[in-house]
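For reference, the structure discussed in these notes is given below.
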Amino acid sequence: MELYDRTGDTTQTRPAAERDSLLVPPMRRVAARPETTPEPGGIVKPLPPDLFIRHGRSAEMRWEAMRGQGYHTPADRFFVRNHTVTPLIDARTWRLLIHGDGVRRPISLSYEELLALPATTADVAIECAGNGRAFFDTQQDQPAPGIQWRLGAVGVARWRGVPLAALLDRAGLTPGAVDVMPRGLDPVYVEDGVDQGHVRRPLPLAKALEDVLVAYEMNDRPLPADHGFPARLVVPGWSGIASIKWLGDVEVSTVPLSSPWNTRSYRMFGPGHPIGGAPLAAQVVKSAFELPWEATLRAGRQHILHGRSWSGTGRVVGVEISTDGGRTWTRAETRGPRLARAWAPWHLAWVPHRPGPHVLMARATDETGAVQPARARFNMLGYHFDGLVEHPVTVVS
Ligand SMILES: Nc1nc2c(c(=O)[nH]1)N[C@H]1C(S)=C(S)[C@@H](COP(=O)(O)O)O[C@H]1N2
Ligand SMILES: [Mo]
């Protein structure tokens, strides 16, 4: 098995034309459009309207789609966040390169070689940093630009793959290595006419060595095209942007790296944040009901309210529910695993009596003591909405 590329060319081991042929059809350049304009194509899997809300090139899961599901989010309803379009990559010609001045020898792995390495499995949530952004506008009167997700830009899957640490070890880290930069093979991202290059975001070496996977399976099947086939990064607890899909190469560097995805976006800007902003890392605490938005429930009957809570900083240790707009709170019962970096499913019985509109809220606490506040702290790009979401339901007699 030829694992080591000894050409000495650390950026590319094959001619650009051949590299482009990895994509079927060949890479397309697509200009960015407002995220709210629906666009045909882009996502390969079906997006039935009972499971998804379309947001331009991306698709949000409807939370009622998790009702009756097990711990994991099935791939057919897992949200998709694409900067451009899902590329169709031929695994027979795909290679993963690990290169840069932070490794002793660049390596190049085929799909088969990757699958032959010792693998691990982990139940991990992937969540967009902008999940919940719509509520800055609808609940706090602080609209932020970007996809107006409610709470469906999150999912938990069972990922199987090779620890990034093992690949870095094969390439031989140099003592001065500090950052890694994974890069996707999807088309380059063009924003306001400016070519930002391929989607990529640096990761500190410490995190890369901790628990990051180069995943090739999602829920015991090869990764679906929309979720990064043939391989993607899975970065537990961190903003979804860290989990680069359609991984083509990982640069390892002895100097700190940057890209538009850690300097311009995926940064906390605004009052209370450092001048120049602060890069995002771990996700915050959130909760969602497995109910339609504006669900209708019958009065005088017992309903079991189901939902899930999650946090990027630790396992969820408690969830309280309010059915009266936040005046009173009752502890929900958790069931099944409550893994750190995945989620905790919960439920609570409720018998509504008064017909009319009601507001349901769920408030979770994680093991670090982080608890969902009444209001989320604003930031200009609308990330990390951890406030109490007012879920509207109508009780009918
Ligand atoms: N190559 C590439 N990787 C990517 C993206 C992308 O557009 N291109 N989107 C990122 C963002 S912003 C998120 S939230 C997650 C979403 O993963 P999913 O589409 O599998 O749910 O993928 C990340 N990885
Ligand atoms: Mo994202």
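Throughout the sequence shown, residue numbering follows our numbering, covering 615 to 1011 in sequence. Positions of the beta carbon are idealized from the N, C-alpha and C atoms, including for glycine.
Exposed unless 16 or more other CB atoms sit within 10 angstroms - verdict on residue i
i: Q916; result: exposed
i: D619; result: Any reading at D619 must be qualified, since the residue scores a pLDDT of 29, below 50, and its modelled position is unreliable; the value itself is stated next. Answer is buried; the Cβ neighbour count reaches 16.
i: G746; result: buried
i: A767; result: buried
i: E904; result: buried
i: V1010; result: exposed
i: V1003; result: buried
i: A956; result: buried
i: I703; result: buried
i: H1005; result: buried
i: A913; result: exposed
i: G716; result: buried
i: R676; result: buried
i: G656; result: buried
i: T650; result: Model confidence at T650 stands at a pLDDT of 39, short of 50, so the residue's coordinates are unreliable; what they give is reported in the following sentence. With fewer than 16 Cβ atoms within 10 Å of its Cβ, T650 is classed as exposed.
Whole-Å CB distance - residue i paired with residue j, under 8 Å assumed
i: N833; j: A689; result: 6 Å
i: A954; j: V933; result: That belief does not hold up - the Cβ atoms of A954 and V933 are roughly 15 Å apart, past 8 Å.
i: A845; j: L710; result: 6 Å
i: H841; j: F666; result: Rounded, the Cβ-Cβ distance is 14 Å, inconsistent with contact.
i: V802; j: L728; result: Between L728 and V802 the Cβ distance is about 25 Å, and since that is not below 8 Å, they are no contact.
i: W860; j: P701; result: 6 Å
i: L765; j: A902; result: 4 Å
i: P1019; j: Y830; result: Missing from the structure shown is residue 1019; the chain here goes from 615 to 1011 and no further.
i: L781; j: V828; result: 6 Å
Beta-carbon gap between residue i and residue j smaller than 7 Å
i: R774; j: H686; result: no
i: G1001; j: V866; result: no
i: S872; j: R814; result: no
i: L799; j: G851; result: no
i: G921; j: E741; result: no
i: L847; j: P796; result: yes
i: T868; j: A791; result: yes
i: G769; j: G744; result: no
i: P816; j: D783; result: no
i: T948; j: L974; result: no
Neighbourhood of residue i by C-beta, 7 Å cutoff - its chain only, sequence neighbours within 5 removed
i: A892; result: R881, M882
i: D980; result: V899, S925, T927, G928, R929, V930, V931
i: T625; result: Only weak support exists for where T625 lies, its pLDDT of 31 falling under 50; the value from the coordinates is given anyway. Taken in chain order, the residues that qualify are H713.
i: S857; result: I740, R846, L847, V848, V849
i: G884; result: F992, N993, M994
i: H967; result: A913, G914
i: P987; result: D1000, G1001
i: H887; result: N993
i: R643; result: At R643 the pLDDT is 33, less than 50, meaning the model places this residue with poor confidence and gives no usable figure here.
i: P951; result: Y685
i: P757; result: F750, D751
i: R628; result: Only weak support is given to the placement of R628: the predicted model assigns it a pLDDT of 33, under 50, and the value that follows is read from those uncertain coordinates. Same-chain partners within the cutoff: there are none.
i: P969; result: A913, V1009, V1010, S1011
Contacts around residue i, its chain only, beta-carbon distance under 8 Å, and the 5 residues preceding and following it disregarded
i: A963; result: Q916, H917, I918, L919
i: Q754; result: R989, A990, F992, G1001
i: V826; result: P777, L778, A779, L817, L847, V848, V849, P850
i: V965; result: G914, R915, Q916, H917
Residue-chain proximity (residue i, chain D), Cβ-Cβ < 7 Å
i: H1005; result: In the displayed structure, chain D is absent; only one protein chain is listed.
Same chain, Cβ closer than 6 Å to residue i, neighbours up to 5 away in sequence not counted
i: T1008; result: T910, P971
i: I935; result: T944, A946, L962, A976
i: P906; result: E678
i: A820; result: none
i: V864; result: I712, V794, P796
i: V658; result: T700, A839, D840
i: T982; result: T927, G928
Can you confirm whether the segment 918-938 touches the segment 891-902 when touching is taken to mean that 3 or more C-beta pairs between the two stretches lie within less than 8 Å?
yes
Taking 8 Å as the threshold, find out whether the segment 989-997 comes into contact with the segment 942-949 through three or more Cβ pairs.
no
With a threshold of 8 Å, are at least 3 pairs of Cβ atoms found where one atom belongs to the segment 679-697 and the other to the segment 716-724?
no
Three or more beta-carbon pairs under 8 Å between the segment 779-799 and the segment 741-756, yes or no?
no
Under 8 Å, with one C-beta from each stretch per pair, do the segment 662-674 and the segment 688-702 reach the 3-pair mark?
yes
At least three beta-carbon pairs within less than 8 Å, the segment 799-811 to the segment 720-740:
no
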